[in-house]
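Residue numbers (the UniProt record's numbering): 1 to 243.
Glycine included, C-beta positions come from ideal geometry on N, C-alpha and C.
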C-alpha cells in the first residue's frame, strides 16, 4: 500500500506541474475579468455593428460557451445578468475538443491579442485574454486527462486496499484482545493449580507424621487390647470366687 500511495502522489504531482504551466496566464486573465463590471459589458453590447476585433472576441467567447457565434446571440449573452459570473466559474476542465479546435484558429492569429484588442475596447481586451487563457488551460487539461484517469484509478484501488487493511487490522486487534484474555485466564488457572498443589503438599507434610504415629501405635493397640481382655477375664474370675 505504501508503494501505491507514493505512485498516487507521483501522478498527482506530475498533473499539478503540467497544469501549473497554464495557471499564471489563467489567473492573470481572471484578474482582468474581475475588473469588468456592468458598464463595461454594456459598452460592448451597445455596438449595433461591432469592430472586427470585438466581434472576433465575442465569437470566441460564444464558441467556448457552446452557443451560436452571431452578434445577436452574443448581445443576448452579454445581456444575461450572470454573464460575468459564468466567465469566472467557467468549467475550464471540460471544454469540448471541437471548441478547443475552433478557438485555436483565433488565438493562433497574432492580431488576436489582448493588447491589440484593448486598443479598440478595454472590456473586449479582457475577454480576449480570457479566451487565450481558457484555450491554453483546456489544452493542457486534455493532455493531463490520462494522468487524471490513472490517478483516479490508482486512488480507487488504494482506497479498496486501505479499507481491506483497516478491516484486517481490526480483525487482528480482536484476535490479540482474545489471546490476551485467554492468557489472563490461563495465568489465573496456573495460579490456582499452583495454590492447590501447595495446599496438597502442606496437607501431605501434616499427614506423614500422623501416619507414622498411627503405624507406631499399631503394635501398642494390639497389646492394649489383649491386656484389656485379660483384665476383664480376671475381674470375672474374681467375681465368681467371691460368690
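Residue i versus residue j - alpha carbon distance
i: residue 48; j: residue 58; result: 13 Å
i: residue 206; j: residue 174; result: 48 Å
i: residue 227; j: residue 213; result: 21 Å
i: residue 171; j: residue 5; result: 23 Å
i: residue 42; j: residue 85; result: 15 Å
i: residue 79; j: residue 39; result: 11 Å
i: residue 268; j: residue 150; result: Missing from the structure shown is residue 268; the chain here goes from 1 to 243 and no further.
i: residue 200; j: residue 167; result: 49 Å
i: residue 82; j: residue 29; result: 18 Å
i: residue 222; j: residue 188; result: 50 Å
i: residue 141; j: residue 32; result: 22 Å
i: residue 154; j: residue 184; result: 44 Å
i: residue 182; j: residue 190; result: 12 Å
i: residue 119; j: residue 36; result: 16 Å
i: residue 68; j: residue 98; result: 14 Å
i: residue 3; j: residue 131; result: 41 Å
i: residue 14; j: residue 123; result: 35 Å
i: residue 232; j: residue 203; result: 40 Å
i: residue 229; j: residue 209; result: 30 Å
i: residue 194; j: residue 215; result: 31 Å
i: residue 163; j: residue 34; result: 44 Å
i: residue 12; j: residue 88; result: 25 Å
Residue i, enclosing alpha helix (DSSP H) - first and last residue
i: residue 78; result: 71 to 78
i: residue 89; result: Note, residue 89: premise wrong, no alpha helix (DSSP H); not H, not E.
i: residue 104; result: 97 to 107
i: residue 53; result: 52 to 65
i: residue 119; result: Note, residue 119: premise wrong, no alpha helix (DSSP H); not H, not E.
i: residue 42; result: 38 to 45
Whole-Å CB distance - residue i paired with residue j, under 8 Å assumed
i: residue 90; j: residue 44; result: Not confirmed; about 18 Å, so no contact.
i: residue 138; j: residue 92; result: 6 Å
i: residue 65; j: residue 46; result: At roughly 21 Å, the Cβ-Cβ gap does not stay under 8 Å, so residue 65 and residue 46 are not in contact.
Any C-beta of chain D under 8 Å from that of residue i
i: residue 180; result: Although the question refers to chain D, the structure presented lacks it and comprises just one protein chain.
Looking at C-beta atoms only, is the number of pairs between the stretch 113 to 131 and the stretch 49 to 69 that lie closer than 8 Å three or more? Using a Cβ-Cβ distance cut-off of 8 Å, the stretch 113 to 131 and the stretch 49 to 69 are in contact, since at least three pairs of beta carbons, one from each stretch, lie closer than that value.
Count the C-beta pairs between the stretch 69 to 78 and the stretch 108 to 122 that are closer than 8 Å, then say yes if the count reaches three, no if not. Between the stretch 69 to 78 and the stretch 108 to 122, the count of Cβ pairs shorter than 8 Å is below three; the stretches do not touch.
Would you say the stretch 101 to 112 touches the stretch 59 to 70, given that touching needs at least three Cβ pairs under 8 Å? Yes, they touch.
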